[in-house]
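The next block holds one structure in the form of structure tokens; read it before the comments.
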Amino acid sequence: MTTVNVIVGPVHPALHEPERFVFKVDGEVVVDVEPRIGYVHRGIEKALTERTFTQGLYLIERICGICNVAHTLTAVQAIEDAFGVEPPKRAKYLRTVVHELNRIHSHLLLLGVTCELIGFDTLFMLIWRDREAVMDVIEMVTGNRVTSAYNIIGGVRRNIRDHEVSEIKKVLGTIAERVKEYKKVFAEDPTIRARLAGAGRLSRAKALALGAVGPTARGSGVKVDVRAEEPYAAFDEVPFNVVVYEEEDSWARLMVRVDETLESIRIVEECLNKMPSGPVKVPIPEVAPRSSEGFSVIEAPRGELIHHVYTREGDDKPLRYRVRTPTYANIPSACEMLKGGYIADIPVALVSLDPCFSCTDRVALVDVGTGKRVSIDLRTLARRYKK
Amino acid sequence: MTLPSLLRKAWSNLFKRPATVQYPFKQRLVPPPTYRGRHVLVRERCVGCELCVKVCPAFAITMTVIEGRSLPVIDLGKCIFCYRCEDACPRGAIGRGKDFELASWRREDLVVR
């Protein structure tokens, strides 16, 4: 069988972020996919070891602009784990509120992007109009629309005030009504069904075998959610449902996000009602009080996010910092869901993953002669090119 | 085939006010009071302790001698508006501002001193 290579990216109109994929196609059908991640590698893990813990938080926040609260939340939990610090209860609730607001706006963003990609511009505009209201609420609570700088080691930076609570409830009430309408549209509209149903199929067995995370796994009928399995922040006290769809295609993955948005709105309201009183932060030491390691895993909007940090006693910088982002874990599943589909389904399948490539990118060296890929650590790389 | 349920909504939206605003010529935007905009430096309160310099994640603050005193100067071109400096300042010399329209033709305009 002869195949033709179709190269998509690094910069391509169908991709919202630069990343390179080589599709081996036979006629219109994709036979094989070769992703090459690394185009927008930024060296953040290395840069973090040269910044103090508090300074590093603002770099961590910029790993991903959309899920910035998820990244800072994981980071502060990992560092608190290493320091042996426990944040106050009210801080945990506030973290949950902002984390879930972040998830709402992230999911609405993706739903809008998908609508735009399939040519349904009306729904795209309507969804993004509602997303703007959530952004305004985040701005009111944290001080900025996108990079919120809200979580700090040992708590959160700002307390929430009563008029802000009532404003959040008011806005989320309207959004909940509208998302219910959109859910009806997503579920029933013949155009959306025709475009999304069956595209980018990922079977349950494959999702399990390839370790899919987040809505990608839940759209394939795998019931995984860190919030339910290993509750962090206030999730052990706030009941919620894990949304699972069995259809195994792009449509199911989007419906998971629609339902999760509604679920998140409920979580925020529940948290605001149950909010305990007390301080919002505890003082933390400037330098690491012990040589230790901290580990934290949370459910970011795109799936399971892991931060791992090593500290050395008396040092104000991390010894080693490691981030595993959800899209990185979903790349094998992405390749699987593209195989056997049509070329025209590639953008839909990719966007249903909610890819965040700049979070994903890693360094790998490719020997052009033999085509062999090797991963290499920075020190060896520096030694090799220092001459 | 059923009629798309969004059709009625799209039709009714034709006769509503747009969700977008005519910024900046007809309507100005006012950020909430908690917004982090251009800093307001109060020179009289500064004691020159350099805590803001140490804490800045973007290395945007430098100490400069102005009128014989060592005072912080914030380069807004580097600033990421996290307001760590406001938190760190023991005397409240770095205050909040709501100004977010910071575009300029010259770099010197982007310096808060």
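From first to last, the protein sequence lines are chains A and B. Reading the first sequence from the start, the letters are residues 1194 to 1580 in the numbering used here. Reading the second sequence from the start, the letters are residues 341 to 453 in the numbering used here. We put the CB at the ideal spot given by N, CA and C, even for glycine. In this text, all values refer to a predicted model and were calculated from it rather than measured experimentally.
Q. Does the beta-carbon distance from A:Ala1493 to A:His1264 come in below 9 Å?
A. yes
Q) Around the C-beta of B:Ile406, are 16 or more other C-beta atoms found within 10 angstroms, so that it is buried, or is it exposed? A) exposed
Q | Straight-line Cα distance separating A:Gly1533 from A:Pro1548 | A | 20 Å
Q.
If I measure Cβ to Cβ from A:Glu1221 and keep anything under 7 Å in the same chain, skipping five residues before and after, which residues do I get?
A. Tyr1535, Ile1536
Q: With a cut-off of 8 Å on the beta carbons, I'd call B:Pro371 and A:Glu1332 a contact; round off their distance for me.
A: 7 Å
Q) Between the Cα of A:Leu1316 and the Cα atoms of A:Val1372, A:Ala1426, A:Arg1351, A:Val1358, which residue gives the shortest distance? A) A:Val1372
Q.
From the DSSP secondary-structure annotation, give me the bridge partner or partners of A:Glu1497.
A. A:Glu1492
Q: Return yes when the Cβ of A:Thr1340 is within less than 9 Å of the Cβ of A:Asn1466, no when it is not.
A: no
Q: Find out if the Cβ-Cβ distance for the pair A:Thr1504, A:Pro1511 is shorter than 9 Å.
A: yes
Q. For A:Tyr1343 versus A:Arg1296, is the C-beta distance shorter than 9 Å?
A. no
(Q) At the level of alpha carbons, what is the spacing between B:Tyr375 and B:Leu369? (A) 12 Å
**Q.** Closer than 9 Å to chain A by CB, B:Val395
**A.** yes
Q.
So, with DSSP's three-state summary, where would you put A:Arg1324?
A. helix
Q) Counting contacts by CB-CB distance shorter than 9 Å, is A:Arg1229 in contact with chain B? A) no
Q | 7 Å CB neighbourhood of A:Ile1353 in its chain, flanking five on each side removed | A | Leu1287, Val1334
Q. DSSP on A:Thr1242, reduced to helix/strand/coil?
A. coil
Q. What did DSSP end up calling A:Tyr1521 once you bin it into helix, strand or coil?
A. helix
Q) What residues from the stretch 398 to 428 of chain B come within 8 Å of chain A, judged by C-beta to C-beta, listed N to C? A) Ala398, Ile420, Phe421, Cys422, Tyr423, Arg424, Asp427
Q: Go through its chain and collect everything with a Cβ distance to A:Leu1455's Cβ below 8 Å, but skip five positions before and after it.
A: Ala1369, Val1372, Lys1373, Lys1376
Q. Would you call the CB atoms of A:Val1330 and A:Val1364 closer than 9 Å?
A. yes
Q: Could you check which residue in A:Ala1410, A:Leu1389, A:Pro1206 has the C-alpha nearest to that of A:Arg1397?
A: A:Ala1410
Q.
Is there a Cβ of chain A sitting closer than 9 Å to that of B:Arg376, yes or no?
A. yes
Q: Anything in chain B within Cβ reach of A:Thr1289, meaning under 8 Å, just list it in chain order.
A: In chain order: nothing, as chain B lies at least about 19 Å away.
Q | Every unbroken beta strand (DSSP E) within the stretch 1423 to 1495 of chain A, with a cutoff of 3 residues, ordered by chain | A | 1485 to 1493
(Q) Counting only Cβ-Cβ distances shorter than 8 Å, please list the residues of the stretch 356 to 371 of chain B near chain A, keeping chain order. (A) Ala359, Pro371
Q. Relative to the alpha-carbon of A:Arg1394, which residue among A:Ser1443, A:Leu1498, A:Ile1200, A:Gly1258 has its alpha-carbon at the smallest distance?
A. A:Ser1443
Q: Return no unless some Cβ of chain A is closer than 9 Å to the Cβ of B:Leu346.
A: yes
Q. Whose Cβ in chain B lies nearer than 9 Å to the Cβ of A:Glu1309?
A. In chain order: nothing, as chain B lies at least about 14 Å away.
Q) Is there contact here, the stretch 1301 to 1318 of chain A with the stretch 1465 to 1483 of chain A, by at least three beta-carbon pairs under 8 Å? A) no
Q. B:Ala350 versus chain A: which residues are under 7 Å apart at the beta carbon?
A. Thr1315
Q: With a threshold of 16 other CB atoms inside 10 Å of the CB of A:Thr1367, please say whether the residue is buried or exposed.
A: exposed
Q.
Can you check which of these residues, A:Asp1452, A:Arg1283, A:Leu1498, A:Leu1252, is closest to A:Ile1237 by C-alpha distance?
A. A:Leu1252
Q.
For A:Ile1516 and B:Arg348, I'd like the C-alpha separation in whole angstroms.
A. For clarity, residue 1516 of chain A is Val in the given sequence; the question names Ile instead. Spanning the two alpha carbons is a distance of roughly 46 Å.
Q: Kindly identify the DSSP beta-bridge partner or partners of A:Leu1370.
A: According to the sequence displayed, residue 1370 of chain A carries Glu and not Leu. Beta-bridge pairing links A:Glu1370 to no other residue.
**Q.** Proximity winner among A:Ile1346, A:Ala1326, A:Val1215, relative to A:His1205 (alpha-carbon distances)
**A.** A:Val1215
**Q.** 9 Å Cβ cutoff met for B:Ile414 and B:Val382
**A.** no
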